[in-house]
Amino acid sequence: MNNQDEFTLGVEEEFLLLDAESRRLRPQAEEVLDDARSELGDKGQLDQEFKRSQLEHGTAVCRSLDELSDEIARLAACSWRRRSGPAPASPRLAPIPFRTGANGEITSNESYLGLERDYQRLAREKIICGCHVHVGIADPEAAIQVLDRVRPWLPAILALSVNSPFWLGEDTGYASFRTEIWRRWPAAGTPEPFESRADYDRLVGVLVETGSIDDPARLHWDVRPSHHYPTLEFRIADVCLTMDDAVAVAGMVRALVRRCHAEALDGRPPSHPRPELLRMATWRAARYGFDGDLIDVVGERSVPAAEMLDTLLGFIRPALEEHDEWEIVSGLVHQVVQCGTGAARQRRAFDRAGRLEDVVDSVVAATSPAGA
175 MNNQDEFTLG VEEEFLLLDA ESRRLRPQAE EVLDDARSEL GDKGQLDQEF KRSQLEHGTA
235 VCRSLDELSD EIARLAACSW RRRSGPAPAS PRLAPIPFRT GANGEITSNE SYLGLERDYQ
295 RLAREKIICG CHVHVGIADP EAAIQVLDRV RPWLPAILAL SVNSPFWLGE DTGYASFRTE
355 IWRRWPAAGT PEPFESRADY DRLVGVLVET GSIDDPARLH WDVRPSHHYP TLEFRIADVC
415 LTMDDAVAVA GMVRALVRRC HAEALDGRPP SHPRPELLRM ATWRAARYGF DGDLIDVVGE
475 RSVPAAEMLD TLLGFIRPAL EEHDEWEIVS GLVHQVVQCG TGAARQRRAF DRAGRLEDVV
535 DSVVAATSPA GA
């Protein structure tokens, strides 16, 4: 697996479109896309999302973290600009904090309308934003072997990204309430281990045959083989509060893939924690982020969040050092630890005056690209 296309990196981020003054949703995705297409060309893209007041940013395929950072910034600048009229803000909020207009209008295409027909209220309430990291793995069998090995580390990745404490006008008590919204969907969560790619393909076939899904894209797992690209796709993270946070998550994810791939080549067996414990570990990461203990599912013990993060960094350090990424990734991760997760920073903004409007304004300020 020494092909230059192995372990490439791409990030898809979902964003809300808000009126900068009223802080309410603006269903203007089509207008923003029309303005952006001439500027973007064929490198990276903006696309429609489930709601008309959402956009998805998809980077071009990147090989370095600097390239990824530049791509994220370039797409953000495009989505904040309009040729005419005021541009909607596209802040890094995982759900909108307010109750008013919380559902939004569904984008009129057959796939999204089909989701509404099938899932009803779950779909109507789905106005949440995530960060999906794609890491290139051309060999489908190798992708499954890596998937099996990354599972125990997913809660720590979530804890780093948590950015959704407010929903429907109140503090939910969670660091990532987006995770809890997603977990109500039948094809969400962390998949069980697979014996092989054939085992995975058999499961997908059964789910389609039984009418449980009509397309593999409806597997909303925390990690899955992409059905559009030769990548392993990590979907557990909230959309991050800052671009630096997003690069930190992406850098950790790619290093984790490289490390787990090396272990698979060495013939080291994966750890298979109890699914009940892994589910609790994900819940605890969503509930507390870095503000409480996490669960080491391999050691079957509760540990301080900082210790769990250090364990993950220690595990992936060889991969980061081999590719001269240790300093940048560890630096960005510790920046999150020192400044607080997105959820913690949103709560600090709220605590200053007890106004959700201040939360939105603080996220807009943290998100707005220079010159937008």
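Take any residue in the sequence shown, note its place counting from 1, add 174, and you have its number in the numbering used here.
Here a beta-carbon is modelled for each residue, glycine too, at the ideal position from N, C-alpha and C.
Notebook entry, point to check: Does DSSP put Cys513 in a helix, in a strand, or in coil?
Noted result: Numbered from 1 along the sequence shown, position 339 holds the residue referred to as residue 513. Under the three-state reduction of DSSP, Cys513 is assigned to helix.
Check: Can you tell me whether Gly385 is buried or exposed, with buried defined as 16 or more other CB within 10 angstroms of its CB?
Finding: Stepping through the sequence shown from its first residue, residue 385 is reached at position 211. The residue in question, Gly385, is exposed, as its Cβ has fewer than 16 Cβ neighbours within 10 Å.
Check: Taking the Cβ atom as the reference point for each residue, do Ala438 and Gln319 lie within a distance shorter than 7 Å?
Finding: One-based indexing of the sequence shown puts residue 438 at position 264. One-based indexing of the sequence shown puts residue 319 at position 145. Yes, the Cβ-Cβ distance between Ala438 and Gln319 is below 7 Å.
Next item on the list: Rank Arg357, Ile301, Pro326, Leu377 by C-alpha distance to the C-alpha of Trp341 and give the top, closest one.
Entry: Here residue 341 is taken as the residue at index 167 of the sequence shown, counted from 1. It is Ile301.
Check: Looking only at its own chain, which residues have a Cβ that is under 7 Å from the Cβ of Arg491, when we skip the five neighbours before and after it?
Finding: Taking the first residue of the sequence shown as 1, we reach residue 491 at position 317. If the five residues before and after Arg491 are omitted, its C-beta is found closer than 7 Å to the C-beta atoms of Trp500, all from its own chain and listed in chain order.
Next item on the list: Under 8 Å Cβ to Cβ from Met454, same chain only, skipping five residues before and after it: list those, please.
Entry: Against the sequence shown, residue 454 aligns to sequence position 280. Excluding residues within five positions, the ones whose Cβ falls inside 8 Å are Ile469.
Check: Which two residues bound the contiguous alpha helix (DSSP H) that contains Thr456?
Finding: Here residue 456 refers to the residue found at position 282 when the sequence shown is read from its first residue. Per DSSP, Thr456 belongs to the alpha helix (DSSP H) from 449-462.
Checklist line | Three or more C-beta pairs below 8 Å linking the stretch 362-381 and the stretch 207-216 | finding: Counting C-beta pairs with one atom in each stretch, the stretch 362-381 and the stretch 207-216 have fewer than three that are closer than 8 Å, which means they do not touch.
Check: Would DSSP call Leu393 helix, strand or coil?
Finding: Counted from its first residue, the sequence shown places residue 393 at position 219. In this structure, Leu393 counts as coil in the three-state DSSP scheme.
Next item on the list: Scan the stretch 462-512 and note each continuous alpha helix (DSSP H) run of 4 residues or more that stays entirely inside, going in chain order.
Entry: 479-496
Next item on the list: Spatial neighbours of Leu207 within its chain, please: CB distance less than 6 Å, with the 5 preceding and 5 following residues excluded, ordered by chain position.
Entry: In the sequence shown, the residue the question calls residue 207 occupies position 33. Contacts found: Leu220.
Next item on the list: Measure the Cβ-Cβ separation of Val421 and Leu239 and say whether it is below 7 Å.
Entry: One-based indexing of the sequence shown puts residue 421 at position 247. One-based indexing of the sequence shown puts residue 239 at position 65. Contact flag set, yes.
Next item on the list: Can you grab the Cα-Cα spacing for the pair Gln512 / Thr182, in whole Å?
Entry: Within the sequence shown, the letter at position 338 stands for residue 512. Within the sequence shown, the letter at position 8 stands for residue 182. Each residue's alpha carbon lies about 29 Å from the other.
Check: How close, in whole Å, do the beta carbons of Pro271 and Arg352 come, if the pair is a contact with beta carbons under 8 Å?
Finding: In the sequence shown, residue 271 corresponds to position 97, counting from 1. In the sequence shown, residue 352 corresponds to position 178, counting from 1. Wrong, their Cβ atoms sit about 12 Å apart, outside the cutoff.
Next item on the list: Flag this pair as yes or no: are the beta carbons of Pro329 and Thr485 separated by less than 7 Å?
Entry: Here the question's residue 329 lines up with position 155 in the sequence shown. Here the question's residue 485 lines up with position 311 in the sequence shown. Going by C-beta atoms, Pro329 is not nearer than 7 Å to Thr485.
Margin query: Which runs of the alpha helix (DSSP H) at least 4 residues long sit entirely within the stretch 367-392? Give them in chain order.
Written below: 371-383
Notebook entry, point to check: Mapping DSSP to helix, strand and coil, what is Trp359?
Noted result: Working through the sequence shown from its first residue, we reach residue 359 at position 185. Residue state, collapsed to three classes: coil.
Notebook entry, point to check: Beta-carbon separation of His548 and Pro367 under 7 Å?
Noted result: In the structure as shown, the chain starts at 175 and stops at 546, and residue 548 therefore has no counterpart that could be examined.
Notebook entry, point to check: When the Cα atoms are used, what is the spatial distance from Ala493 to Leu393?
Noted result: The residue you call residue 493 lines up with position 319 of the sequence shown. The residue you call residue 393 lines up with position 219 of the sequence shown. Distance between the alpha carbons of Ala493 and Leu393 is about 29 Å.
Next item on the list: Can you give me the Cβ contacts of Ser335 inside the same chain, cut-off strictly under 6 Å, excluding the 5 residues immediately before and after it?
Entry: For the purposes of this step, residue 335 is identified with residue 161 of the sequence shown, where counting begins at 1. Excluding sequence neighbours, Ser335 sits near Ala411, Asp412, Cys414, Val423.
Note to self: So, under 8 Å CB-CB, Ala142 and Asp465 are touching, yes? Tell me the CB distance rounded to an integer number of Å.
What the structure shows: Any question about residue 142 goes unanswered here, given that the chain covers just 175 to 546.
Margin query: Bridge partners for Ala297 per DSSP, in chain order?
Written below: Within the sequence shown, the letter at position 123 stands for residue 297. DSSP, once it has assigned bridges, lists no residue as partnering Ala297.
Next item on the list: Name the residue from His435, Asp292, Val307, His401 whose alpha carbon lies nearest to the alpha carbon of Gly425.
Entry: Numbered from 1 along the sequence shown, position 251 holds the residue referred to as residue 425. Checking every option, the nearest Cα to that of Gly425 belongs to Val307.
Item checked: DSSP beta-bridge partners of Trp254 -> As a working mapping, residue 254 is identified with position 80 in the sequence shown. DSSP output for Trp254 lists no bridge partner at all.
Notebook entry, point to check: In the DSSP assignment, what are the bridge partners of Gln228?
Noted result: Here residue 228 is taken as the residue at index 54 of the sequence shown, counted from 1. Answer is Leu190.
Check: Are there 16 or more other CB atoms within 10 angstroms of the CB of Asp373, so buried, or fewer, so exposed?
Finding: Position 199 of the sequence shown holds residue 373. When all chains shown are included, Asp373 counts as exposed.
Next item on the list: Helix, strand or coil for Asn176, going by three-state DSSP, please let me know.
Entry: Mapped onto the sequence shown, residue 176 falls at position 2. Because the pLDDT of Asn176 is 38, which lies under 50, any placement of that residue in the model is unreliable, and the number read from its coordinates should be weighed accordingly. Asn176: coil per DSSP, three-state reduction.
Item checked: Alpha-carbon to alpha-carbon, Leu190 and Glu290 -> As a position in the sequence shown, residue 290 is number 116, starting the count at 1. As a position in the sequence shown, residue 190 is number 16, starting the count at 1. Rounded to the nearest angstrom, the two C-alpha atoms are 19 Å apart.
Notebook entry, point to check: Helix or strand or just coil, what does DSSP make of Ile280?
Noted result: Within the sequence shown, residue 280 is the residue found at index 106, counting from 1. Looking at Ile280 - three-state DSSP - the assignment turns out to be strand.
Note to self: Considering Cα atoms alone, identify which of Pro399, Val534, Glu369, Gly363 is closest to Leu199.
What the structure shows: Here residue 199 is taken as the residue at index 25 of the sequence shown, counted from 1. Nearest option by C-alpha distance: Val534.
Check: Where do the ends of the alpha helix (DSSP H) carrying Ala551 lie?
Finding: Absent from the model: residue 551. The displayed extent of the chain is 175 to 546, so no value can be given.
Next item on the list: Could you work out which residue in Leu287, Val507, Val185 is closest to Glu241 when comparing CA atoms only?
Entry: The residue labelled residue 241 in the question sits at position 67 within the sequence shown. Nearest of Leu287, Val507, Val185 to Glu241, Cα basis: Val185.
Check: Going by the beta-carbon positions, is the gap between Leu406 and Ala480 smaller than 7 Å?
Finding: Taking the first residue of the sequence shown as 1, we reach residue 406 at position 232. Taking the first residue of the sequence shown as 1, we reach residue 480 at position 306. Cβ atoms of Leu406 and Ala480: not closer than 7 Å.
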